[in-house]
Every structure is written in C-alpha cells, then in structure tokens.
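A short worksheet on the structure shown next.
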Amino acid sequence: MKKIFISIFFLFFVYNLQSQVLIALLLGDKLNTGKIEFGLDGGLNYSSIGGLESNNYSDSFFLGFYFDIKMKEQWLLNTGVMVKSTLGADKLTQNDLAYLGVTIPYEGNGDYTQKMSSFLVPIKAKYIFKNNFHVEAGPQVGWIYRSWIEYNYEDDLDNSVKIEENNKDIINWFDMGVTGGVGYRFLKGLGLTVNVNYYYGFTNVYKGKSGTNNSSLFLKVNIPFGVSDEKKEEIKEMKAHLKTKKEEKKAAKKKEKENL
Numbered sequence: 001m002k003k004i005f006i007s008i009f010f011l012f013f014v015y016n017l018q019s020q021v022l023i024a025l026l027l028g029d030k031l032n033t034g035k036i037e038f039g040l041d042g043g044l045n046y047s048s049i050g051g052l053e054s055n056n057y058s059d060s061f062f063l064g065f066y067f068d069i070k071m072k073e074q075w076l077l078n079t080g081v082m083v084k085s086t087l088g089a090d091k092l093t094q095n096d097l098a099y100l101g102v103t104i105p106y107e108g109n110g111d112y113t114q115k116m117s118s119f120l121v122p123i124k125a126k127y128i129f130k131n132n133f134h135v136e137a138g139p140q141v142g143w144i145y146r147s148w149i150e151y152n153y154e155d156d157l158d159n160s161v162k163i164e165e166n167n168k169d170i171i172n173w174f175d176m177g178v179t180g181g182v183g184y185r186f187l188k189g190l191g192l193t194v195n196v197n198y199y200y201g202f203t204n205v206y207k208g209k210s211g212t213n214n215s216s217l218f219l220k221v222n223i224p225f226g227v228s229d230e231k232k233e234e235i236k237e238m239k240a241h242l243k244t245k246k247e248e249k250k251a252a253k254k255k256e257k258e259n260l
C-alpha cells in the first residue's frame, strides 16, 4: 500500500512539474520582473560515487530551469529544479559489482555503469562582481526516483548490447549536500551565463554503506527566457552605446584619412 501511495504521489509530482515547466516557458515575460529572472538551465554533468573502487566519472546531459531573485545590491538568491539529471559512476569493477550485489555476470569486457535519475534543487547565494563574473554557494537537495546498473558491450557480430538491472531498493532516495561555483554573464550582464559548479553530497547513496556519497561537476549554461521592462531598457541603452562607439570609430578613421 505504501509503494502504491508513493507511486501515485510521484506520478502526480512529475505531471505537475512538467506542467509548471510548460507554463513557465509560455509566461517567461511575466515571470521575469525587475526583481526576478527566470530561464532555462542545462549542460553537462560529470558524476561519481565515493566508496567504490571505480573513480571514473559518468557523463550525461541535464536540463531544468532557474530563478535569480534579487536580494540587495549585488546579491541574488539562485534556485530552480534540474528536471532531467542523472547521477552515477562509470566503469564499475568486479569488486564494485560484488559490493553492490549485482547479478549481471562479470564478463571482463564492456562497461558497467551505475545510473540514477533524479530531481536536483540547488539553493545558492550568488554575488555578482562589476565585471559580470559571479561566485555562488549553498545547499542542494535531490530526489532519486530511479536507479539501475547498465552493462554495455558489443557481441561477436559487433552489435551493441545493453543490459539493465534495477537496484533502486538499495538506494537512499533522498540526497543532500553543498554546491558552489563561478560563472560569467555575456553582453555586459544582459546575455546568457556560463557556469562551472561542483556538488559534494553528505548522504550515503547506498543503504548501510557509509562513504558512498555523490559528487558532480556541472558545466552549465543559463538562458534567460523573456525579458523584464527593466532589462529591455538596459539592452536598449547598451545598443545605443555600442552604436555611438561604432560611429565615433568610423568618424575617427575618416578624419585620419583626410589628414593624410
């Protein structure tokens, strides 16, 4: 009964989350005000799990949305949800498979990978410097809703084969830790932002196995969706400034030619 209730809750949560993303995309201009900026958050994630013999990072794409909420002066509160994100570890060894109780036979060829689908929610304090670089740090929580061991190899006919074994029953569904990083925003603080963030988990990935914490390196791009009236005015002023500078350079070159 408990599993049925959790499944219903999960389906309801995913449905509502997808609806919220769609609504947010359609109402991007409304969500972006002078004090709140909404946008898409995506990129590459390189993750590993402590306590395993393998120290190889598993790479995957992630996608979500973010909110930058102005606090005071150059301080922001950054939050959001990584809706599609995968944690895990790559190239598990024979000892790792035995440690995790994996029943897929170890063949000595191919790659064994632990994969975990999750929702990740960072809550970071963000400080923006005058040169449009920023630093950010804060807690991050996650919900692991699917977990499996994936074995990929090529058979004798060079066909790619994939075998999956569900191991969600040995995974702790809740994850928590700290995250931080640096970034830069283009177009004098009005364009997209590139970030590098590192996450270190405090909780154990596997039940009863201490030291098996998540760690991830995120290479991110933040794209604002919709523009507030305040930002529109800033962009207008920036374009006017660039146009003036261009005309001044053109006039200076013309004058230089006339003086020759």
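Numbering (our numbering), first residue to last: 1 to 260. Heads up, the beta-carbon is just placed ideally off N, CA and C, and yes, glycines get one too.
Item                                                                                    : Value
Nearest neighbour of L63, chosen from N56, I128, N45 [CA to CA]                         : N45
Limits of the alpha helix (DSSP H) - the one that N95 falls within                      : 94 to 100
G201, enclosing beta strand (DSSP E) - first and last residue                           : 193 to 201
Neighbour-count burial assignment, P122, 16 or more Cβ in a 10 Å radius                 : buried
Backbone secondary structure at E248 - three-state DSSP                                 : helix
Option nearest I49 by Cα separation, candidates E73, Y153, Y66, D175                    : D175
Residues bridged to Q114 (per DSSP)                                                     : A89, I149
Residue from I36, D41, K35, T113 whose Cα sits closest to the Cα of V221                : D41
Residues bridged to E164 [DSSP beta-bridge criterion]                                   : E150
Same chain, Cβ closer than 7 Å to G110, five either side skipped, listed in chain order : Y151, N152, Y153
Three-way DSSP call (helix, strand, coil) for L38 in this model                         : Inspection of the sequence shows that residue 38 is occupied by Phe rather than by Leu. It is a strand residue.
Collapsed DSSP secondary structure at L157 in the structure displayed                   : coil
N222 - DSSP class collapsed to helix/strand/coil                                        : strand
For G211 and K243, the rounded distance between their alpha carbons                     : 57 Å
L187: first and last residue of the uninterrupted alpha helix (DSSP H) it sits in       : 186 to 189
Inter-residue CB distance, N56 and K91 (contact presumed, cutoff 8 Å)                   : 4 Å
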